[in-house]
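Taking it in order: structure first as structure tokens, then the write-up.
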Amino acid sequence: MDPGQVDRLLEYVSFRSLCLLGLFFAFYVAADRCYQYWRLRHFRGPFSSGLSWIWHSKEVINGTAYLSYGDTTEKYGPIARVAPNHLVTSSPELWAHINAVRSPYKRAEWYYHAARFEPGKDNVFTECDNERHDARRKRMASGYAGKENPGLEASIDTHVQALIHLIRSKYAASATSSAASTPMDLATKIQYLTLDVISDVGLGKPFGDLEADQDLNDYLKASAVGLRIGNLSFGLGIGWLRNLPIIGPAISPSEQDQTGFGRMMAEARKSVKHRMLKSTEERSDMMASFIRHGLSGDDLFQETFEQILAGSDTTAASLRIILLYLMSHPRVYQKLQAEIDGAVKAGMAPASPDVIPDAEARRLPYLSAVIREGLRVHPPVANLFSRVVPKGGDAVTVDGRDYFLPGGTMIGYSAWGMHRTNKTLYGEDAEVFRPERWFLDESIPQEKERLAQMYKTNDMVFGHGRWQCLGKVVAQVEIHKTIFELLKNFDLALTNPHQPWKIFNALGLFEIEDMWVDVTERT
-18 MDPGQVDRLL EYVSFRSLCL LGLFFAFYVA ADRCYQYWRL RHFRGPFSSG
32 LSWIWHSKEV INGTAYLSYG DTTEKYGPIA RVAPNHLVTS SPELWAHINA
82 VRSPYKRAEW YYHAARFEPG KDNVFTECDN ERHDARRKRM ASGYAGKENP
132 GLEASIDTHV QALIHLIRSK YAASATSSAA STPMDLATKI QYLTLDVISD
182 VGLGKPFGDL EADQDLNDYL KASAVGLRIG NLSFGLGIGW LRNLPIIGPA
232 ISPSEQDQTG FGRMMAEARK SVKHRMLKST EERSDMMASF IRHGLSGDDL
282 FQETFEQILA GSDTTAASLR IILLYLMSHP RVYQKLQAEI DGAVKAGMAP
332 ASPDVIPDAE ARRLPYLSAV IREGLRVHPP VANLFSRVVP KGGDAVTVDG
382 RDYFLPGGTM IGYSAWGMHR TNKTLYGEDA EVFRPERWFL DESIPQEKER
432 LAQMYKTNDM VFGHGRWQCL GKVVAQVEIH KTIFELLKNF DLALTNPHQP
482 WKIFNALGLF EIEDMWVDVT ERT
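Take -18 as the starting number for the sequence shown in the working numbering and just add one per residue.
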């Protein structure tokens, strides 16, 4: 056989091998998809969701997945299918069962590892091993709860006062003058507030954005870039690329970056190093508590950075949402403002510039109802938060119907379906912002029981059980005080009611901007 024939034979063999390999791979993928389709065949969902991730990827990348999950559970039932191996539920009872303190379910790496800041490095939010998560959470609980942070409320008061001063001095029109106000982007001012609060109570020193009336560390720009990249990675399902050598570091945030999460990480690292030079006895705050309970090194940095991102963005979204619904519902706005004025006149709250104590703010029934209703009608964090069904599967009952969830299946929750469109629990007008729905007649046993279920379900906005939000206490104190003080001091009105804001959902967090308002000072 001459050399030319040998070459042609080798080419034929190589081509044939590649064809066989391609056919084998195609057969494997097809068989796997058929298997996944069959094992979840009893659950309905959007067209193609049983065989392809395309529908889900499109919704995530468009920033509208949270709406689509709600539409899906409303159309196909309390457990629906959104991808070949992924279900979504709107059932509060099922979600409570999945997230119970001793639940055998675990977080899905597919979702949570896409939210890592650095490949292979976890924080309390991205940790998917239950035992490691529980141990880390235990170390951090006292710091978040305020038990070892006696200056928590005073720190929040300082920054709420700074927000009121900024608005009054630069943007508000006088109640006794004909001069116009200066239009103000309320979205950025609220973010300045939450950033200053979380950096103060967490790092021991505020960023100073409110005083400067400026995003000093380019946080807003960096956060938007970082979240968009993370959301694209999650939507396309390519988060695993970050675990590869060479490729991973090249596409991941770096502290050498001038924008995005890398820039934010560098600033957080500086703050942690500076704070570590001080004794934990010098100032007892969140970080001091973390250190005392055994967090150190890179673990301390990861938790601190997560705290800044999640602690500021989620609370900022909550405040913006509540304020938008207040400004777009004058009846509710006026009723709440009347309750606030009454509290000041009765001595429950001090006059400006002092800030209402948290204990007194919690005693105001309509304020509490407005906050609950705002968080219900537009949950401030909305994404799957995927869990993995334990090996062997799980038999559950939802709305009187029995279901079997096969082991290894991923299941998440629809915030929209559980809270905003839950007509069974909240009534036929569930999609309407109506705080009065929280005032049921508790002398009637059925109404008392229903109200208790409403409270339990609404509290799931902050998570539940093993994975309940650690920052819930800080967020609630901040929200009650800020809403009270803004309405005590100002009349707020949307500058552009036809387009009140720009909003995009990335990895469950809401990126909100251009929320322009006109402000008038109250006498």
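All residues carry an ideal CB built from backbone N, CA and C; glycine is no exception.
Here the structure is a predicted model, which is why all the values come from computation and not from measurement.
Check                                                                                                                             : Outcome
CA-to-CA distance, residue 401 to residue 509, given in whole angstroms                                                           : Outside the displayed span of the chain (-18 to 504) sits residue 509, for which this structure offers no information.
Cβ neighbours of residue 171 in the same chain (closer than 7 Å, five flanking residues each side left out)                       : 297, 300, 301
Range covered by the alpha helix (DSSP H) that runs through residue 104                                                           : Per DSSP, residue 104 belongs to no alpha helix (DSSP H) and is neither H nor E.
Rounded Cβ spacing between residue 368 and residue 81 (contact assumed at less than 8 Å)                                          : In fact, because the Cβ distance is near 11 Å, the residues do not count as touching under 8 Å.
Of the residues 126, 88, 98, the one placed nearest residue 113, counting alpha carbons only                                      : 88
Paired residues, beta bridge with residue 393 - DSSP                                                                              : 69
Opposing strand residues paired with residue 497 [DSSP bridges]                                                                   : 166
Beta-carbon proximity check, residue 192 vs residue 333, cutoff 9 Å                                                               : no
Beta-bridge partners of residue 45, as assigned by DSSP                                                                           : Partner(s): none; residue 45 has no beta bridge.
Residues near residue 396 by beta carbon distance below 8 Å, same chain, minus five either side                                   : 47, 50, 51, 360, 362, 363, 364, 442
Reduced DSSP category for residue 344 - H, G, I as helix; E, B as strand; rest coil                                               : coil
Contacting residues, own chain, Cβ-Cβ under 6 Å from residue 163 (five flanking each side not counted)                            : 152
Nearest-angstrom Cα separation, counted from residue 239 out to residue 174                                                       : 24 Å
Chain-order list of residues whose beta-carbon lies under 7 Å from that of residue 510 (same chain, five-residue window excluded) : The structure shown does not extend to residue 510, since the chain is modelled only from -18 to 504, so the question has no answer here.
Burial state of residue 347 (16 or more Cβ within 10 Å)                                                                           : buried
Check whether residue 290 and residue 121 have beta carbons under 9 Å apart                                                       : no
Where residue 204 sits in the DSSP three-state scheme                                                                             : helix
Nearest-angstrom Cβ-Cβ length linking residue 34 and residue 59, presumed shorter than 8 Å                                        : Actually they are not in contact, since the Cβ atoms of residue 34 and residue 59 sit about 22 Å apart, beyond 8 Å.
Outcome for residue 244 when other beta-carbon atoms lying within 10 angstroms are tallied against a minimum of 16                : buried
Distance between beta carbons of residue 500 and residue 165, contact taken as under 8 Å                                          : 6 Å
Residue 219, buried or exposed, once every other Cβ within 10 Å from all chains shown has been counted against 16                 : exposed
Rounded separation between residue 305 and residue 143 - CA only                                                                  : 21 Å
Endpoints, alpha helix (DSSP H) assigned at residue 314                                                                           : 311 to 326
Rounded Cβ spacing between residue 388 and residue 370 (contact assumed at less than 8 Å)                                         : 5 Å
Member of 287, 195, 109, 184 whose CA lies at the smallest distance from the CA of residue 253                                    : 184
Status (buried if at least 16 other CB within 10 Å, exposed otherwise) for residue 366                                            : buried
Extent of the continuous beta strand (DSSP E) run through residue 484                                                             : 483 to 487
Counted within 10 angstroms of its Cβ, other Cβ atoms place residue 584 as buried (16 or more) or exposed                         : Given that the chain is displayed from residue -18 to residue 504, the structure contains no residue 584 and the question cannot be resolved.
Distance between residue 206 and residue 355 (C-alpha atoms, nearest Å)                                                           : 27 Å
Start and end residues, alpha helix (DSSP H) containing residue 152                                                               : First-last for residue 152: undefined, no H or E at that position.
Beta-ladder partner(s) of residue 362, from DSSP                                                                                  : 490
Limits of the unbroken alpha helix (DSSP H) element including residue 282                                                         : 278 to 308
heavy atom of the ligand GDP below 8 Å from residue 47 C-beta                                                                     : Among the ligands in the structure shown, none appear at all, so the ligand GDP cannot be discussed.
Residue(s) in a DSSP beta bridge with residue 502                                                                                 : 471
Sequence-distant residues of the same chain with beta carbon closer than 8 Å to residue 109, five excluded per side               : 87, 88, 89, 90, 93, 94, 103
Contact under 9 Å by Cβ, residue 68 with residue 393                                                                              : yes
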